[in-house]
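>
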Amino acid sequence: MLRADYAYVRNLKMNNWFLYLIRCKHGRLYTGITTDVERRFAEHSSDDKKGSKYLRGKAPLTLVLKKKIGSRSIALKMEARVKKLPKIKKEMFVEGKIQINI
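Position one of the sequence shown corresponds to residue 1 (UniProt numbering), numbered consecutively onward.
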């Protein structure tokens with residue numbers, strides 16, 4: 001791979017961050033960010049130690065929201081904002097009834 005190709009791939013990955021929400025068996029919502037939602041959801045769903053401690057033993061898990069954010073910095077800010085929301089607002093966000101802006 002050429003040096004320019006590495007820069008392109010690095011830039012693509014830097015601006016390819018997603019916010020995701022997972023619903024646990026008791027209805028609670030888990031919020032996270034990643035560059036690969038399917039991989040991260042599989043890690044959370046498996047029995048290995050790569051998933052979040054919070055989600056262990058809370059199966060079945062359901063991916064209820066996947067939203068492309070852009071840069072990691074913006075994704076972190078968005079994640080923090082969503083985590084501070086009361087559950088009713090998170091549910092409205094999942095349903096598309098409200099927008100969350102940073």
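All C-beta atoms in this analysis are idealised placements derived from N, C-alpha and C, irrespective of residue type, glycine included.
According to DSSP, simplified to helix, strand and coil, what is L55?
On the sequence shown, position 55 is the one that residue 55 refers to. In this structure, L55 counts as helix in the three-state DSSP scheme.
> What distance in whole Å lies between the Cβ atoms of L19 and I33, which are believed to be in contact at a cut-off of 8 Å?
By one-based count along the sequence shown, residue 33 stands at place 33. By one-based count along the sequence shown, residue 19 stands at place 19. With a Cβ gap of about 6 Å, I33 and L19 count as contacting.
> Hey, how far is the Cα of R40 from the Cα of S46?
By one-based count along the sequence shown, residue 40 stands at place 40. By one-based count along the sequence shown, residue 46 stands at place 46. Roughly 10 Å between the two C-alpha positions.
> So within the UniProt domain "GIY-YIG" (15-92), which uninterrupted beta strand (DSSP E) runs reach at least 3 residues, ignoring any that extend past its ends?
Here the runs fully enclosed are 17-23, 29-34, 62-70.
> What is the C-beta distance between V64 and I22, in whole angstroms, given that I count them as a contact (C-beta under 8 Å)?
Stepping through the sequence shown from its first residue, residue 64 is reached at position 64. Stepping through the sequence shown from its first residue, residue 22 is reached at position 22. Sure, about 7 Å apart at Cβ, within 8 Å.
> To which residues of the same chain is V94 closer than 7 Å at the C-beta, ignoring the five residues directly before and after it?
By 1-based counting over the sequence shown, the position of residue 94 is 94. Only L21, V64, L65 meet the Cβ criterion.
> Report back the beta-carbon spacing between K90 and A59 to the nearest angstrom; my notes put them in contact at under 8 Å.
The count along the sequence shown starts at 1 and reaches residue 90 at position 90. The count along the sequence shown starts at 1 and reaches residue 59 at position 59. Not a contact, Cβ separation roughly 20 Å.
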